[in-house]
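Below is one structure, written out as structure tokens; comments come after it.
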Amino acid sequence: MDKKQIGDRVKAALALNKYALNRTVINLQIDTAFFRTFFVDNDKLSKPVSITPTEFDDTSPVVVVEFSHHQAAELLGVSKLNDLTSQVDTLESLLRDIYPRLDVLSSQLVDQTLKEIRSRTPLPPSNPAVPNLPTLLPSHTWQVNPSLSFTDASLGSPFGTAEYTDEDYNRDDKVQAMGFVGEHSEMAWLYRLKRDLDQDSFPPIEETPGRPAISSVNYFQDDSDLLLPDTIDFTHWPPQHLADNLVDAYFYAVHPAFPIFGRVTFLHQYRSFYSNPNLRPGKRWLALLNLVFAIATRYAVLTDQLQPDQDDHQTFFARAWSLSIGKVALLDHPDLQQVQVEGLAAFYLLSIGQVNRSWRIIGIAIRSAVTMGLNLRSESESVPQFSKEIRYRLWWALFMLDTVLCEMTGRPLSMREIFYTTPLPAPFQEEDFRDDRVVQLITRQEIRGAFVTSLLPNSTLTPLQDGVSRKHPPQLGFSQRKREIRTPEALVESQTPSLTPNTSLYFLYAVDLAHLLRETINILYAPRATRLSRREIETAISTFNDRADDWLSHLPAEFNFATPNTNVAQPFTQQSASLAFRFYATKLIITQPSLRLCQSSTEPRSPGATCDDMATICVQTACQMLDLLPESADTYWLYSIAPWWCVLHNIMQSTTILLVELFTRTHLGTAKATSLIQRVQKATRWLNEMSAKDPSSQRAWSVCTDILLRHGLKFWP
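The numbering of the sequence shown is full-length UniProt numbering, which starts it at 1 and goes up by one.
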């Protein structure tokens with residue numbers, strides 16, 4: 001080994017880890033004879049830091065030596081050493097930028113490589129000049145590596161995430177009914193504000209003895225009993241004209257956002273049931289029909305469309321519960337209809353404010369779905385493609401409902417992305433599934449993946465789920481004349497029918513946005529996020545915010561709420577409004593930790609430009625969400641256009657953020673204070689109007705007005 005070879009070895013070692021430049025950690029095996037000539041007998045070169053074997057033995061064929069930074073500079077030259085350092089800095093910066101977007105396999109490869117480097121070259125215990133690489137794994141591989149973080153887990157996160165609870169959730173019936181509320185729920189944000197305001201008031205306002213602290217801001221109905229009658233008439237059905245109205249209302253108000261069952265098949269079965277008195281469907285289908293009636297009746301109550309002599313929604317739900325959910329029904333093995341029944345039951349409970357119960361039932365539904373293998377792509381030849389697509393949509397409907405409920409309760413998500421390969425929902429209507437061109441596209445997985453990727457170019461969900469690598473596109477087909485590789489774009493363009501906007505396309509974009517929200521929850525709000533450093537969290541927040549904006553930039557014009565169409569007749573107003581509320585809710589959860597840090601910071605200096613910017617975006621997003629509502633409260637408009645099953649939750653999200661900003665970061669008499677007060681007043685007007693038909697809205701209004709009456713009078717003349 002000559003000097004050049006030694007230099008190459010040192011260069012390679014340095015390229016692997018720039019942190020070695022400050023430590024004696026460059027270990028090389030060198031031929032003994034050459035080592036004596038080159039180092040021992042050469043007075044011009046400083047001697048290695050250490051030699052193995054000890055006291056240099058001529059009988060050994062090789063020796064292992066460690067070179068210091070100074071000795072590496074002698075071998076390479078100072079300029080080359082600086083060049084290497086600069087190159088590694090550039091590569092680290094690039095890796096930091098792309099790491100949050102890596103798929104599961106790529107992120108695991110990066111982690112393994114860094115682990116191997118650390119095992120060879122331990123990092124210094126603390127070096128502020130050397131930033132850590134953020135461990136920002138996608139949610140399907142969520143983990144936190146303590147060695148990559150500065151923050152002591154025992155101290156909690158500066159952004160408010162905690163890895164402990166100080167509440168006994170088994171203490172009494174009220175606490176059990178509410179259940180655990182995590183940090184990504186607006187109830188946790190609102191309680192923290194109320195607690196701080198009460199403690200800072202003079203004299204301090206004490207909490208009611210024996211009452212769970214966070215329950216003082218709980219506006220849901222879980223502490224209200226579900227009264228199910230002991231005797232139920234299973235032979236009584238609404239007249240067909242009323243039933244038709246309920247079914248139509250369901251497919252308008254629920255099905256586009258949660259396609260739990262196939263519309264075509266259900267309508268055929270429903271019409272057969274009413275036209276043939278001798279038909280005897282199974283209990284699970286009857287439960288499904290009763291749940292459709294229950295949900296539609298609940299919607300009719302909110303929109304003032306309830307017909308005279310119509311059964312209430314509780315009666316329909318009681319029938320469904322007795323038929324296929326309660327008592328021994330849950331002990332039976334599930335089938336496809338049972339999964340649908342459980343999914344609809346969870347939705348119904350959500351619609352009446354029974355959020356804790358709904359969250360439990362959606363967990364059961366997801367387990368039933370996994371039991372049926374719905375979390376995997378179906379390659380069964382005995383299942384028609386039409387049925388496969390309906391099952392795929394069922395899985396994604398449960399996915400969406402699980403996301404909403406976990407967002408509302410602040411609890412962990414019920415499924416991990418690494419365990420499902422269900423293809424993303426095809427953006428075509430059910431009636432198109434028998435079109436030859438559509439069938440050709442959705443049955444060939446590689447073409448389907450390329451098509452979905454063309455619609456969602458920057459989604460982290462599409463490569464893993466649909467088998468398409470953007471860097472190395474698969475071979476999609478061959479020309480008839482000669483064998484040639486065709487790009488995904490060319491094949492999709494040649495074989496894809498013209499796609500017009502429809503509710504299925506809306507559902508695809510909603511699923512993609514929900515996946516971004518789930519990643520955000522897993523990384524920013526999971527208890528183990530307390531081990532992430534402030535810099536790592538700020539990087540994640542900024543990255544997720546950019547991805548949300550990127551999602552919006554690719555939204556089709558028909559759904560794009562940011563640039564509304566001036567055309568009066570808009571067929572997708574409902575879908576556009578739903579995406580708008582979901583988008584702003586996602587942005588609030590992404591940026592809320594920054595507002596939390598800016599609110600609680602006691603440092604004399606600002607928490608930092610990035611944190612300030614994200615906190616500002618958080619407040620702006622809350623304003624934009626409330627701006628979706630007309631100035632004059634109109635509940636018919638609200639429940640007809642907005643996502644009526646969770647719009648109260650969305651209004652409370654934005655109102656809570658504005659209250660936090662108003663009470664913690666706003667000075668009296670400023671234009672900012674005036675603007676915030678106007679929007680808070682608008683929110684309370686809407687809550688008061690909604691209270692006439694919804695007990696949860698009445699509770700939410702009471703919670704907000706209580707805080708304003710206790711602490712907000714100073715903002716009003």
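For glycine and all other residues, C-beta sits at the position ideal for the given N, C-alpha and C. For clarity, every value in this text was computed on a predicted model and none was experimentally measured.
What's the gap between the Cα of residue i and the Cα of residue j?
{"i": "G262", "j": "I390", "result": "6 angstroms"}
{"i": "S368", "j": "L628", "result": "37 angstroms"}
{"i": "V370", "j": "E342", "result": "13 angstroms"}
{"i": "T422", "j": "Y392", "result": "6 angstroms"}
{"i": "T235", "j": "L286", "result": "11 angstroms"}
{"i": "Y270", "j": "W237", "result": "12 angstroms"}
{"i": "F433", "j": "L95", "result": "42 angstroms"}
{"i": "A540", "j": "A320", "result": "44 angstroms"}
{"i": "T85", "j": "T113", "result": "19 angstroms"}
{"i": "L376", "j": "Q340", "result": "17 angstroms"}
{"i": "E379", "j": "Q574", "result": "35 angstroms"}
{"i": "V247", "j": "K672", "result": "47 angstroms"}
{"i": "H140", "j": "S414", "result": "Unreliable positioning characterises H140 in this predicted model, as indicated by a pLDDT of 36, which lies under 50. The coordinate reading is nonetheless provided below. Cα to Cα, H140 sits roughly 12 angstroms from S414."}
{"i": "S322", "j": "L330", "result": "11 angstroms"}
{"i": "T403", "j": "I362", "result": "10 angstroms"}
{"i": "E558", "j": "T503", "result": "11 angstroms"}
{"i": "Q305", "j": "I98", "result": "51 angstroms"}
{"i": "E92", "j": "L532", "result": "18 angstroms"}
{"i": "T635", "j": "A188", "result": "27 angstroms"}
{"i": "L387", "j": "E381", "result": "A small fix is needed here, since residue 387 is Ser in this sequence, not Leu. Cα-Cα distance, rounded: 11 angstroms."}
{"i": "R437", "j": "G449", "result": "15 angstroms"}
{"i": "N356", "j": "D435", "result": "42 angstroms"}
If distances are taken between C-alpha atoms only, which option among the options comes closest to residue i?
{"i": "L401", "options": "F507, I707, K682 and L336", "result": "F507"}
{"i": "L190", "options": "Q653, N688 and R665", "result": "Q653"}
{"i": "R582", "options": "A510, N170, M187 and F293", "result": "A510"}
{"i": "D613", "options": "S542, Q624 and T573", "result": "S542"}
{"i": "F347", "options": "Y164, I364, V383 and V110", "result": "I364"}
{"i": "T165", "options": "L595, P427, F180 and F220", "result": "F180"}
{"i": "L595", "options": "N650, T90, A557 and R665", "result": "R665"}
{"i": "P527", "options": "H184, I98, N290 and T113", "result": "H184"}
{"i": "Y252", "options": "V292, Y219 and K283", "result": "V292"}
{"i": "R411", "options": "I707, G669, K672 and A162", "result": "A162"}
{"i": "K283", "options": "Y639, A577, G326 and P501", "result": "G326"}
{"i": "K194", "options": "F715, L713, K714 and L708", "result": "L708"}
{"i": "V383", "options": "S576, H554 and T443", "result": "T443"}
{"i": "L455", "options": "W551, P593 and F399", "result": "W551"}
{"i": "N276", "options": "S459, T705, Q240 and D309", "result": "Q240"}
{"i": "A615", "options": "S632, A577 and I657", "result": "I657"}
{"i": "N458", "options": "D512, Q445, L413 and N560", "result": "D512"}
{"i": "F317", "options": "D309, T610, H554 and A345", "result": "A345"}
{"i": "I214", "options": "Y169, Q305 and I418", "result": "Y169"}
{"i": "I352", "options": "G669, V660 and Q221", "result": "Q221"}
{"i": "A609", "options": "R535, A562, A633 and I651", "result": "R535"}
{"i": "T705", "options": "H255, Q199, S216 and S576", "result": "S216"}
{"i": "A243", "options": "H333, Q310 and L597", "result": "Q310"}
Report yes if the CB atom of residue i is closer than 8 angstroms to the CB atom of residue j, and no otherwise.
{"i": "L350", "j": "W645", "result": "yes"}
{"i": "A177", "j": "D223", "result": "yes"}
{"i": "L516", "j": "A548", "result": "yes"}
{"i": "T655", "j": "V619", "result": "no"}
{"i": "I617", "j": "N545", "result": "yes"}
{"i": "V703", "j": "E430", "result": "no"}
{"i": "L461", "j": "F451", "result": "no"}
{"i": "P643", "j": "A397", "result": "no"}
{"i": "Q337", "j": "L279", "result": "no"}
{"i": "residue 779", "j": "W359", "result": "The displayed coordinates of the chain run from 1 to 717. Any statement about residue 779 would go beyond what the structure contains."}
{"i": "P501", "j": "P556", "result": "yes"}
{"i": "Q354", "j": "V439", "result": "no"}
{"i": "F313", "j": "T297", "result": "In the sequence on display, residue 313 carries His and not Phe. Taking 8 angstroms as the Cβ cut-off, H313 and T297 qualify as a contacting pair."}
{"i": "W686", "j": "A633", "result": "yes"}
Give the C-beta separation of residue i and residue j to the nearest angstrom, bearing in mind that I take them to be a contact with Cβ-Cβ under 8 angstroms.
{"i": "A622", "j": "E407", "result": "A622 to E407, Cβ: 15 angstroms. No contact."}
{"i": "L648", "j": "D694", "result": "7 angstroms"}
{"i": "A514", "j": "I523", "result": "The Cβ separation is near 15 angstroms, so there is no contact."}
{"i": "A249", "j": "A294", "result": "No, A249 and A294 are not in contact; Cβ-Cβ is about 12 angstroms, not under 8 angstroms."}
{"i": "L197", "j": "F715", "result": "Contact flag wrong, Cβ pair sits at about 13 angstroms."}
{"i": "I589", "j": "I537", "result": "Not really, about 13 angstroms apart at Cβ, beyond 8 angstroms."}
{"i": "R699", "j": "Y219", "result": "4 angstroms"}
{"i": "S201", "j": "H711", "result": "7 angstroms"}
{"i": "I641", "j": "A692", "result": "Between A692 and I641 the Cβ distance is about 18 angstroms, and since that is not below 8 angstroms, they are no contact."}
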